[in-house]
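**Q** Residue numbers (the working numbering): 451 to 574.
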Amino acid sequence: MAETRRILVIGTGDTKADELLFMRERIEAVGGVAVMMDVSVLGDPPYKLEHDKHAVAKAADTTIEAIIASGDENSAMTLMALGASRLARALYDKGEIDGFIALGGSMGTDLALDVALALPLGVP
Numbered sequence: 451m452a453e454t455r456r457i458l459v460i461g462t463g464d465t466k467a468d469e470l471l472f473m474r475e476r477i478e479a480v481g482g483v484a485v486m487m488d489v490s491v492l493g494d495p496p497y498k499l500e501h502d503k504h505a506v507a508k509a510a511d512t513t514i515e516a517i518i519a520s521g522d523e524n525s526a527m528t529l530m531a532l533g534a535s536r537l538a539r540a541l542y543d544k545g546e547i548d549g550f551i552a553l554g555g556s557m558g559t560d561l562a563l564d565v566a567l568a569l570p571l572g573v574p
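#1: Quick one: grab the DSSP three-state call for residue 482.
#2: For residue 462, count neighbouring C-beta atoms within 10 Å of its own C-beta (all shown protein chains included) and say buried if the count is 16 or more, exposed if not.
#3: I'd like to check one pair, residue 526 with residue 514: are the Cβ atoms closer than 7 Å?
#4: Sorted by chain position, which residues of the same chain lie with C-beta nearer than 6 Å to residue 533's C-beta, five sequence neighbours on each side aside?
#5: Quick one: residues in its chain with C-beta nearer than 7 Å to the C-beta of residue 539, no 5 flanking neighbours on either side, listed in chain order?
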């Protein structure tokens, strides 16, 4: 029997909920487990997730409130990328994920590249 794969699904759940939920459905349809991580700054996703924006901010040694208070979108995404990268690496090191996928626009793509760099070479 094949081992169940756990895929970290990263995105801004406040604006990309439909796309993220579609990805979760596709992963589950082939027998995988989707582990959801939200990197939204302002809004909240309309679905249950394992790792919310507060956990991501904490992994960057800050709070979501401090990120919002900065009022700087670039700084906010840099901190969320740092938190997502650290959290993804910790999840991988503990054996809680086998790979990841991130959905988003230009900032989401930038964040995804940071996460990819934080994981060992060859992690899908």
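A virtual CB, placed ideally from N, CA and C, is assigned to each residue, including glycine.
**A** Reading from the atomic positions:
#1: It is coil, neither helix nor strand.
#2: buried
#3: no
#4: 506, 507, 509 and 510
#5: These residues qualify, in order along the chain: 568 and 569.
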